[in-house]
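Visitor: Take a look at this one; I'll ask things after.
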Amino acid sequence: MRSIRRGAAVLALLAAGCSQRPAEERALKDLRVGQVDANGVAFTVEDGLAVVRKVEPGTLTLWGSAPAFHVRAVSSAGATEEWTVVVRNAMPDAELSASVGGEPLLVEALPEGPLPTVKTWKVRVPAGAEARLTVAPPLWDQPMPFRFAALADVQEALPRVGDIYRRINADPTLRFIYFSGDLTQRGTVEQLEEFQSRLLESRIPLFATLGNHELITPDPRYHEYFGRGNLHFTFHGVHFTMIDSGNGSLDPRAEEMLDGWLAAGRDAVHILGTHIPIVDPIGVRNGAFASRNEAAALLAKLANAKLDLTLYGHVHSYYSFSNAGIPSFISGGGGAIPEQFDGVGRHFLAVEVDPAQGVRTVSLVRVD
Amino acid sequence: MMVRLWVLVLAVLPGAVQAQVCEARAVGELPAQAVPAQVEPVSLAEVAPARPRFEVLPAAVSVVPGLLLHGMGPLVAGDTATAGRHFLLEGSGLGLLLAGGVPIALSGASRRVIGPLYAVTLAGVGVLSISTLANLYGALAPAFPPGEVARHLPPLELELGYQHVVDPAFDYRHFVSVGALARLERVRLEAGAKLSPGEGNVRVRVGGAYRLLGAPEGARAGADGTALDLEAAALAHRYPTESFTLAGGELFLRGRYDMARFSPRMAGSFAEMGVGFAMQGYVYAGPVDDILFEQLLFTFGYGVYLGRGGPFRGEAMLYYDHRKDDFPGGIRGGSGVPGYVGLRGRMLLTGPWGVAAELQAGSAVVGRVSLVYALGGEP
Chain A
46 MRSIRRGAAV LALLAAGCSQ RPAEERALKD LRVGQVDANG VAFTVEDGLA VVRKVEPGTL
106 TLWGSAPAFH VRAVSSAGAT EEWTVVVRNA MPDAELSASV GGEPLLVEAL PEGPLPTVKT
166 WKVRVPAGAE ARLTVAPPLW DQPMPFRFAA LADVQEALPR VGDIYRRINA DPTLRFIYFS
226 GDLTQRGTVE QLEEFQSRLL ESRIPLFATL GNHELITPDP RYHEYFGRGN LHFTFHGVHF
286 TMIDSGNGSL DPRAEEMLDG WLAAGRDAVH ILGTHIPIVD PIGVRNGAFA SRNEAAALLA
346 KLANAKLDLT LYGHVHSYYS FSNAGIPSFI SGGGGAIPEQ FDGVGRHFLA VEVDPAQGVR
406 TVSLVRVD
Chain B
17 MMVRLWVLVL AVLPGAVQAQ VCEARAVGEL PAQAVPAQVE PVSLAEVAPA RPRFEVLPAA
77 VSVVPGLLLH GMGPLVAGDT ATAGRHFLLE GSGLGLLLAG GVPIALSGAS RRVIGPLYAV
137 TLAGVGVLSI STLANLYGAL APAFPPGEVA RHLPPLELEL GYQHVVDPAF DYRHFVSVGA
197 LARLERVRLE AGAKLSPGEG NVRVRVGGAY RLLGAPEGAR AGADGTALDL EAAALAHRYP
257 TESFTLAGGE LFLRGRYDMA RFSPRMAGSF AEMGVGFAMQ GYVYAGPVDD ILFEQLLFTF
317 GYGVYLGRGG PFRGEAMLYY DHRKDDFPGG IRGGSGVPGY VGLRGRMLLT GPWGVAAELQ
377 AGSAVVGRVS LVYALGGEP
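From first to last, the protein sequence lines stand for chains A and B.
Residues are numbered in my numbering as their position in the first sequence, beginning at 1, plus a constant of 45.
Residues are numbered in my numbering as their position in the second sequence, beginning at 1, plus a constant of 16.
Structure (structure tokens):
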């Protein structure tokens, strides 16, 4: 029965693939991430960099998709003014600041719980005003070197992912996990919930895009849990872009977004992550974009925008190569069925980046 | 255990059903035909025994449950020889699919073994697909007189056409298509170009083939279409708007099997399968140190001959092509693995004139129609 369901899912995925734009609906979903009207206040997370997880009278709960993000709160007359803002998957040192027309609002940090990535504040949003809330660690917009972890492809190894988080936790210089898709095996609600609960073992947040395995379930709910598949953020002067390649392609709507992000990051260090490699160095396998010419066109665009690094998942091993002259790594070491005979096993990458110099080192960190 | 089960099914089922339909055979008796052991072509006269007549029940059974268990239609019609071959063909396809697919899954698509394993898996998919289409063709074909392989094709064909591409990843739509095909004994030379006047996008492919086995297309002398060709080609594809150029070379081994050898029910049809390898490089605007990228080439298809010995001659084929670098790209949704599907036809109509048409669906949908002008080789 299970194999029949799996076969049906594969057929459904292939049928979706026969559509010329299988990722269009997801690109449209991206645009709706982080928006909610509650108790007379319209909240909009700028650039969709956080998911609205829950709204209760006077309480807004978000899931962060980036180290720093802004929330616009447009309050109508008579709206609720006292708000508790809960941010899950936040940077451990994140702070909330808020202002109306440039004037700071009073923010009260509530006592820390046991989880370093869950932060809670109280803020008063005056009725009839437009406030801007910023959730970010100190100096997040100041250029300075930092390190982060790159990980992908946990899938069916979800029960064992804690090993990887413990290895990441052992390195206090890593600021966040940059996750290139395939969090789960089939993308079901149960698996997304499990991924989320096991992430509590990590002391740092995880910012992700989705992979093809998140799309196996007939009703993918990834966006409701972890946010946009296509997103862009900056941290300490470095630009990060993630694109949704879950169907081995980039939807034209996502490409429009990408064009803007490439222009914004052209003169800065810019790192792109996506699940399915744009090209696979093992060409006969082609665990890569479905059209090599689309892949080449995208790479030409990335090279022209002086992108500094591409990070991929999907292939459950480690590869270092060059695509269109851009240094590139495949690191699908999250625990899914490993590529045999490669001597790699579970691993992640530790990336050291300096906004003044570029990507300084990319190190393979073995877990097993 | 599964293998034993399959052997049992393949060995016992035809006999068991045969016992139940022995009465029906009295009406629909078919001459059993041995499968020729040799690959060399045989003459059309040798493979043109009496064809069965069309029957509704076997045709219906060929669909349900025949789409799952190929050969049920012929079995109901009392043609146990064809049914047995169908079961063997389907079983072989499944066997190849498992022989390639299971190690791929277990090895995590390891770089060390993936090329041969994909070839085996695709061969399994190909055999299964051919078996499926042959099953349907065999059910319906008796209702129509079959086409015949062209006894000889012209030494030179020129074509001019229009190609339309709908690809969300590219702005181009309209292409002029030109091509030439020369046949010199066992050698076939081909050259073709597709040019988008508006975009400047141009793809040029030049290649040739040597017929290792089978009669030359230019002079079949009554032989059937079974053949084995070794092909080589070079291609360049320039994308000026997107600022890159693809260039590469490839080798390909293509086999065609005239399905009349499989069963008289299949007269007028053929199956194709081929495997090859390409090495390609992408040239971008700036200096790059990229590696050359390989590509596994694989194709299979099922086709029919058009015409019956007169000036009207040609063929049409439904096929799968594993390559990802052509205009259609691969089907989205298979993590980059599947190629595209296509339907193509080429026929000489009257005098030197003919037409060719092709429809392909992968990442993009591509349609192409061409006018063909043949020099020499009148029927």
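All C-beta atoms, glycine included, are put in the ideal place defined by N, C-alpha and C.
Kindly provide the ranges of any alpha helix (DSSP H) runs that are 4 or more residues long and lie completely inside the stretch 58-146 of chain B, ordered along the chain.
Guide: Correct list: 72-79, 88-92, 96-122.
Visitor: Can you name the residues of chain B whose CB is closer than 9 Å to the CB of A/V389?
Guide: On the first sequence, position 344 is the one that residue 389 of chain A refers to. Chain B residues near A/V389: none, gap ~10 Å exceeds 9 Å.
Visitor: Using a Cβ cut-off of 7 Å (strictly closer), state whether A/S294 contacts chain B.
Guide: Here residue 294 of chain A refers to the residue found at position 249 when the first sequence is read from its first residue. Yes - at least one Cβ of chain B is within 7 Å of the one on A/S294.
Visitor: Give me the subset of the stretch 273-295 of chain A whose CB atoms are less than 8 Å from a CB atom of chain B, sorted by chain position.
Guide: For the stretch 273-295 of chain A, which is checked against every Cβ of chain B, the residues closer than 8 Å are N292, G293, S294, L295.
Visitor: Could you list the residues in the stretch 305-318 of chain B with a C-beta less than 9 Å from some C-beta on chain A, going in chain order?
Guide: So the close ones are D305, D306, I307, L308, F309, E310, Q311, L312.
Visitor: Please report whether the beta-carbon of A/E201 lies at a distance below 7 Å from any beta-carbon of chain B.
Guide: Locating residue 201 of chain A in the first sequence gives position 156, counting from the first residue. False, the Cβ-Cβ gap to chain B never drops below 7 Å.
Visitor: By DSSP's criteria, B/L375 is part of a beta bridge. Which residues make up the other side?
Guide: Counting from 1 along the second sequence, the entry for residue 375 of chain B is found at position 359. In the DSSP output, where bridge partners are listed per residue, B/L375 has B/L359, B/G383.
Visitor: When you compare only the Cα positions, how much space is there between A/R133 and A/T162?
Guide: Taking the first sequence and counting its residues from 1, one reaches residue 133 of chain A at position 88. Taking the first sequence and counting its residues from 1, one reaches residue 162 of chain A at position 117. One C-alpha to the other measures close to 6 Å.
Visitor: Going straight from the alpha carbon of A/G274 to that of A/N292, what length do you get?
Guide: Locating residue 274 of chain A in the first sequence gives position 229, counting from the first residue. Locating residue 292 of chain A in the first sequence gives position 247, counting from the first residue. Answer to the nearest angstrom: the Cα atoms are 12 Å apart.
Visitor: For the structure I just gave you, are there three or more beta carbon pairs, one from the stretch 175-185 of chain B and one from the stretch 114-123 of chain B, closer than 8 Å?
Guide: Because the criterion of three Cβ pairs below 8 Å is not met, the stretch 175-185 of chain B and the stretch 114-123 of chain B do not touch.
Visitor: In this structure, how does DSSP classify A/K99 when only helix, strand and coil are distinguished?
Guide: Numbered from 1 along the first sequence, position 54 holds the residue referred to as residue 99 of chain A. Strand.
Visitor: Give me the DSSP bridge partner(s) of B/Q296.
Guide: Residue numbering aside, residue 296 of chain B sits at position 280 when the second sequence is read from its first letter. According to DSSP, which records beta bridges pairwise, B/Q296 is partnered with B/G264, B/F309.
Visitor: DSSP three-state call for B/V388: helix, strand or coil?
Guide: As a first step, residue 388 of chain B is located in the second sequence; it is residue number 372 there, counting from the start. Looking at B/V388 - three-state DSSP - the assignment turns out to be strand.
Visitor: DSSP three-state label for A/G370, please.
Guide: Taking the first sequence and counting its residues from 1, the one referred to as residue 370 of chain A is at position 325. Three-state result, A/G370: coil.
Visitor: With 16 as the cutoff for other CB atoms within 10 Å, does A/G24 come out buried or exposed?
Guide: This structure cannot settle anything about residue 24 of chain A, because the visible part of chain A is limited to 46 through 413.
Visitor: Where does B/A42 land, buried or exposed, given buried means 16+ other C-beta within 10 angstroms?
Guide: Mapped onto the second sequence, residue 42 of chain B falls at position 26. Per-residue confidence for B/A42 stands at a pLDDT of 32, beneath the threshold of 50, marking its modelled position as unreliable; no derived number is given.
Visitor: Taking Cβ-Cβ distances below 9 Å as the criterion, which residues of the stretch 334-352 of chain A are in contact with chain B?
Guide: Listed by position, the residues of the stretch 334-352 of chain A near chain B (Cβ gap below 9 Å) are F334, A335, S336, R337, N338, E339, A340, A341, A342, L343, L344, A345, K346, A348, N349.
Visitor: Measure from the alpha carbon of B/W369 to the alpha carbon of each residue in B/E173, B/G107, B/H86, B/P256, then state which is nearest.
Guide: Here the question's residue 369 of chain B lines up with position 353 in the second sequence. Closest option to B/W369, Cα to Cα, is B/E173.
Visitor: Could you check whether the Cβ of B/P368 sits closer than 6 Å to any heavy atom belonging to the ligand MG?
Guide: Absence of the ligand MG from the depicted structure is noted, as is the absence of any ligand whatsoever, leaving it without description.
Visitor: Please go through the same chain and pick out, in chain order, the residues whose beta-carbon is closer than 6 Å to the beta-carbon of A/K167, but skip the five residues on each side of it.
Guide: For the purposes of this step, residue 167 of chain A is identified with residue 122 of the first sequence, where counting begins at 1. Only T129, E153 meet the Cβ criterion.
Visitor: Quick check on A/S408: does DSSP put it in helix, strand or coil?
Guide: The residue given as residue 408 of chain A occupies position 363 in the first sequence. Reduced to three states, the DSSP call for A/S408 is strand.
Visitor: Do B/D274 and B/T242 have their beta-carbon atoms positioned less than 7 Å apart in this structure?
Guide: Here residue 242 of chain B refers to the residue found at position 226 of the second sequence. Here residue 274 of chain B refers to the residue found at position 258 of the second sequence. Contact: yes.
Visitor: Below 8 Å, can you find three or more Cβ-Cβ pairs linking the stretch 294-301 of chain A to the stretch 85-101 of chain B?
Guide: The answer is no - the stretch 85-101 of chain B does not touch the stretch 294-301 of chain A, with fewer than three Cβ pairs under 8 Å.
Visitor: Note down the Cα distance separating B/V371 from B/A287, rounded to an integer number of angstroms.
Guide: By 1-based counting over the second sequence, the position of residue 371 of chain B is 355. By 1-based counting over the second sequence, the position of residue 287 of chain B is 271. Distance between the alpha carbons of B/V371 and B/A287: 22 Å.
Visitor: Along chain A, which residues have their Cβ under 7 Å away from the Cβ of B/P303?
Guide: Along the second sequence, one-based indexing puts residue 303 of chain B at 287. Simply G370.
Visitor: Less than 7 Å between CB atoms is the rule here; does B/D341 satisfy it with respect to chain A?
Guide: Counting from one through the second sequence, the residue named residue 341 of chain B turns up at place 325. Yes, B/D341 lies at the interface with chain A (some Cβ there is under 7 Å from its Cβ).
Visitor: Grab the span of the alpha helix (DSSP H) containing A/H268 for me, first residue to last.
Guide: As a first step, residue 268 of chain A must be located in the first sequence, where it is residue number 223. Segment 267-271, the alpha helix (DSSP H) holding A/H268.
Visitor: Is the CB-CB distance between B/G352 and A/A113 below 7 Å?
Guide: Walking along the second sequence from the start, residue 352 of chain B turns up at place 336. Walking along the first sequence from the start, residue 113 of chain A turns up at place 68. No.
Visitor: Return the chain-ordered list of same chain residues with a C-beta closer than 8 Å to the C-beta of B/L322, the five sequence neighbours on each side being excluded.
Guide: Stepping through the second sequence from its first residue, residue 322 of chain B is reached at position 306. Counting only Cβ-Cβ distances below 8 Å, and skipping sequence neighbours, we find G163, F328, R329, G330, E331, A332, G361, M363.
Visitor: Put A/T104 into one of helix, strand or coil per three-state DSSP.
Guide: Counting from one through the first sequence, the residue named residue 104 of chain A turns up at place 59. Note: A/T104 maps to strand in three-state DSSP.
Visitor: Are A/H361 and A/G226 touching if we call contact CB-CB under 7 Å?
Guide: Numbered from 1 along the first sequence, position 316 holds the residue referred to as residue 361 of chain A. Numbered from 1 along the first sequence, position 181 holds the residue referred to as residue 226 of chain A. No; because the gap between Cβ atoms is not below 7 Å, this pair is not in contact.
Visitor: Take every Cβ of the stretch 137-146 of chain A, pair it with every Cβ of the stretch 192-205 of chain A, and state whether three or more of those distances are shorter than 8 Å.
Guide: With a cut-off of 8 Å, the stretch 192-205 of chain A and the stretch 137-146 of chain A do not count as touching, because too few Cβ pairs lie within range.
Visitor: Decide if A/R77 is buried, meaning its Cβ has at least 16 other Cβ atoms within 10 Å, or exposed.
Guide: As a first step, residue 77 of chain A must be located in the first sequence, where it is residue number 32. Exposed.
Visitor: Considering only the alpha carbon of each residue, which of B/A250, B/Y153, B/G238, B/S193 lies closest to B/G87?
Guide: As a first step, residue 87 of chain B is located in the second sequence; it is residue number 71 there, counting from the start. When each option's Cα is compared against that of B/G87, the closest is B/Y153.
Visitor: For B/V382 and chain A, any beta-carbon pair shorter than 7 Å?
Guide: By one-based count along the second sequence, residue 382 of chain B stands at place 366. So no, B/V382 is outside the interface.
Visitor: Checking the sheet assignment: what are the DSSP bridge partners for A/I375?
Guide: Start at 1 with the first residue of the first sequence, and residue 375 of chain A comes out as number 330. A/I375 pairs with A/Y357, A/Y364.
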